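As structure tokens, the structure follows; a few thoughts come after it.
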Amino acid sequence: MNPKALLVLLILALVTIFALVCVLVTRKEKSSHCGAKSPISLDRSQKNKNMIFAALSAEEMVQVVKYLQLRLPLVDASQAVSSNNFIHYVDVNIPRKEEVLKFLDHDGPRPPRQALAVVYFGNQLEPNVTEYVVGPLPVPAYHWDVTVQKYGKKISYHGRTLILSEFGDIETFLVEKKFIEAPTFMDQVFGHNGSNFEGILALPGGFQSGGRYSWITLFQNVKGFFLHPLGLEVLVDHSSLNVSDWKVPKVFYNGQYFNSFAELEEKFKAKRVIVTKVKPVSSDGGFSSLHPRTPPLRSGSFYHEPFGPHYNVRNNQVTTPTWSFAFRMDVHRGLHLYDIRFKDQRIVYELSVQDAISIYGSNSPGGMLTRYMDASFGMGRFAHSLVRGVDCPYSATYLDAVYLIENLKPEVHNNSICVFEQNTGTPFRRHFSNFQSVYYGGLASSALVMRFIVTIGNYDYVWNFIFHPNGAIESKVQATGYIISSFLHSDGLDYGNRVADHTLGTIHTHVINYRVDLDVGGIKNSLVANDMTFETVNTPWNPNHKIRRMKLVKKVLDTEDKAAFRHNDKMPRYIYFAANSTNKWGHKRGYLIQMISYAGDHLPEEDPMERAISWGRYKLAVTRRKEEEPCSTSIYNQNDPWTPTVAFADFIDNETIVDEDLVAWITTGFLHIPHAEDIPNTVTLANAVGFLLRPYNYFDNDPSIDSPDSVFFTDKDDFNSCEINHIACLPKTAACVPNLPPFTYEGFQNLSIL
Ligand SMILES: [Cu+2]
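FYI, in mature numbering (1 follows the signal peptide of the UniProt record, and there is no 0) the residues of the sequence shown are -19 to -1, 1 to 735.
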């Protein structure tokens, strides 16, 4: 081999070795893992102080149960029926705001930790519901009956919420005692075999306080049964605590009413019943099935955090470089947020969901009477485990919640709350300039989201609290899941759209109420409205012409009556909580309330049960904060709406609201006329409502300008350099392998099947 060829071979070998080394190095670089979760430093004492808002731990719940069991004649709640005495639920009892603020802000004493224990006394001469405060935790030493103090009266037992055993007893009563009174009808029309029906219960039952009369609408017992009505509905009088006294005063079938199953049987045999037979569907529900119609392809896009998250969750406290808040799950009302601060300044003391109601219309009895108030069922209790990658981003932080309801033991709902950063792929703000000089400045839209999802029967509500980089807080609820349907007969199309052979998607509303205790620049605030008008004036430089000049209209809304905006009232376009202090420009520092709502009318005020949901009268009402007005409604309003335990309308009594501690009650919602595309499930897109709390002269400029995520470069800059433009680093830094945990799901464990 000549020396030249040897040299070429040598060079080639060296090049190959170099190339291999490069590949190995690059591979090593590519296979490196993304930044681990970066804890954000916290003022430890402050963090611990916010435990004052924490939900009860499982251990604390057990202590409360043990304490009460020794002192009250109680049976095991998991085995209880309505005629027993039992603990219905245990939750935390948050101390008074005054005490909390003394503790948080002025080094005052830590208020004692207390629980609220609600006991159903069904086995007493006068059955009743009693609410106790039990404390101090962790080792209780006292319990006080706070029922009258809280509600101004005792709670009648007929107003109690429905417990799972009552649902079960109704089913058994119908199957074992009532359906058998019409054996020929049930067999020939439905092929009824004792287990091929599923039912839902319309609430409230009846027309006046005292009774429990519920229409049960029957469906084929298949997946997505809500879309398979059979045309059979039964009125059950379950007022008595003794099941053997229960009755069926009315039966409805396919537009016809009967006084009993025996009458239905007799008329059926005499061929005096108009029958519309429904074809049985397979157990997967056929058109109502959620089974994919096409085989799965690859997974879609997912959110990637190359540097780890910019937030930190510790105990009941969430922090980001700009935001911090505490949270707890309430068994009935879902997520409550407390002490929401932006740049360490408190903006909101409490932000909480109060209730979500649905009022239905139909030409079938169950549908026409349905007025569901979801807090009575439990919007925390029915917040189940979230599915990674669908319910929340795969890499979100998942948190557990614990409840004690209708049970002696606490029940943990694993991964039922999620926290994540959301990049919506749009600019939060940006400007491109080729005017005067050439530059670009922008900020990607990135927000912190806290979410839980509640499924009560057919519907799923996705509740979001979103924290934006400019100090805005957004509350958004999206509806999905199954619609409830009625059996299509006669003039059914006046009440909705036909969505299947015998299925009427019935018209209804979703109306949601929030409590927002804003503390803008301190506890004392006023409510101010800004809007616009046109004034007609002579043109200053030419009096022969008139111009219509736009002008600001400013008004202080100084009383509760002026601050209560009914559903159809015109509302000022800018309405805000104003502090006593001013910003650099001399304006009162404020936070705007901006609503996003397409609500239908809640219920005419002359309806005898309207007072129970009278918060629905107002899209916004601002009241003076009172400890004795903690909620706009009560869980007992569902079953006794005619004598409501809490009537929100009474909160508005024209008190002065200038320079006071104020609470905003915000109602948002939408009218839902189900249509073909609600089958099999309603989609969240556009079925979303809520509100924003936005700074209005609170700062001296837009605080998002301080965001380290901002991007700015000019034509003179080397915008490909990481030092100038952090986005330019992404191809390198985001080439890491995400730290994705394996997919797990614990939502089916220890689940009670309803
Ligand atoms: Cu709906």
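For glycine and all other residues, C-beta sits at the position ideal for the given N, C-alpha and C. Keep in mind that this is a model prediction, so the values were computed, not measured.
query                                                                                                                           : result
Cutoff 7 Å; reference N388; Cβ partners in own chain excluding five residues on either side                                     : A58, S59
For I464, the nearest candidate out of A425, T665, H470 (CA to CA)                                                              : T665
contact_flag[the stretch 416 to 431, the stretch 686 to 695] where n(CB pairs < 8 Å) is 3 or more                               : yes
Closer than 7 Å: H449 CB and nearest ligand 1 heavy atom                                                                        : no
Y506 vs W596 beta-carbon contact at 8 Å                                                                                         : In the sequence on display, residue 506 carries Asn and not Tyr. Result no, Cβ atoms of N506 and W596 do not sit closer than 8 Å.
I638 (DSSP reduced to helix, strand or coil)                                                                                    : coil
Through-space distance from S190 to S26, alpha-carbon basis                                                                     : A caution first: S26 carries a pLDDT of 49, below 50, which makes its placement in the model too unreliable to give a value.
A163 (DSSP reduced to helix, strand or coil)                                                                                    : coil
Spatial neighbours of N309 in its chain, beta-carbon cut-off 7 Å, leaving aside the 5 residues before and after                 : A small correction: the amino acid at residue 309 is Arg; Asn does not occupy that position in the sequence shown. Within the same chain, R309 has close Cβ partners F34, A35, A36, V73, N297, H317.
L199 beta carbon less than 8 Å from that of G180                                                                                : yes
Start-end ranges of the beta strand (DSSP E) lying completely within the stretch 141 to 201, minimum 3 residues                 : 178 to 182, 194 to 201
Whether L508 touches I454 by CB criterion (8 Å)                                                                                 : no
Beta-carbon proximity check, I574 vs V670, cutoff 8 Å                                                                           : no
Cβ pair S137, D621 closer than 8 Å                                                                                              : yes
Segment contact, 8 Å Cβ cut-off, at least three pairs: the stretch 358 to 367 with the stretch 378 to 396                       : yes
Nonlocal neighbours in the same chain, by C-beta distance under 6 Å from S357, ignoring five residues either side               : T142, I616, Q619
Whole-number beta carbon distance between G212 and H470, since they are thought to touch under 8 Å                              : 7 Å
Collapsed DSSP secondary structure at L573 in the structure displayed                                                           : strand
Continuous alpha helix (DSSP H) stretch holding D86: start and end                                                              : 78 to 87
Proximity test, I464 beta-carbon vs ligand 1 heavy atom, cut-off 7 Å                                                            : yes
Straight-line gap, G477 to F239 (C-alpha atoms, nearest Å)                                                                      : 25 Å
Euclidean distance between Cα positions of residue 822 and V114                                                                 : Because the chain in this structure spans residues -19 to 735, residue 822 falls outside the shown range and cannot be described.
Under the three-state DSSP convention, the category K314 falls into                                                             : For the record, residue 314 in the displayed sequence is Arg; it is not Lys. In the structure shown, R314 sits in coil (DSSP, three-state: anything other than H, G, I, E or B).
N-terminal and C-terminal residue of the beta strand (DSSP E) that K422 is part of                                              : Strictly speaking, residue 422 in this sequence is Gly, with Lys absent from that position. G422 -> beta strand (DSSP E) spans 418 to 437.
Residues near Y579 by beta carbon distance below 7 Å, same chain, minus five either side                                        : F651, L652, V670
Beta strand (DSSP E) segment containing Y379, residue limits                                                                    : 378 to 386
Cβ-heavy atom distance, T563 to ligand 1, below 7 Å                                                                             : no
Under 8 Å between C-beta atoms of A559 and G571                                                                                 : yes
Spatial distance of E10 from C717 (CA atoms)                                                                                    : Model confidence at E10 stands at a pLDDT of 43, short of 50, so the residue's coordinates are unreliable; what they give is reported in the following sentence. Rounded to the nearest angstrom, the two C-alpha atoms are 8 Å apart.
Touch test, the stretch 334 to 343 against the stretch 116 to 124, Cβ-Cβ under 8 Å, three pairs minimum                         : no
8 Å Cβ cutoff met for G205 and S269                                                                                             : yes
Contacts around N395, its chain only, beta-carbon distance under 6 Å, and the 5 residues preceding and following it disregarded : S366, D381, E727
Other residues of its chain near L245: CB distance less than 6 Å, five sequence neighbours each side excluded                   : A163, F166, V232, F239
Beta-bridge pairing of V294 - partner residues as DSSP gives them                                                               : V299
From I660, K607, P625, residue whose alpha carbon lies closest to that of A645                                                  : K607
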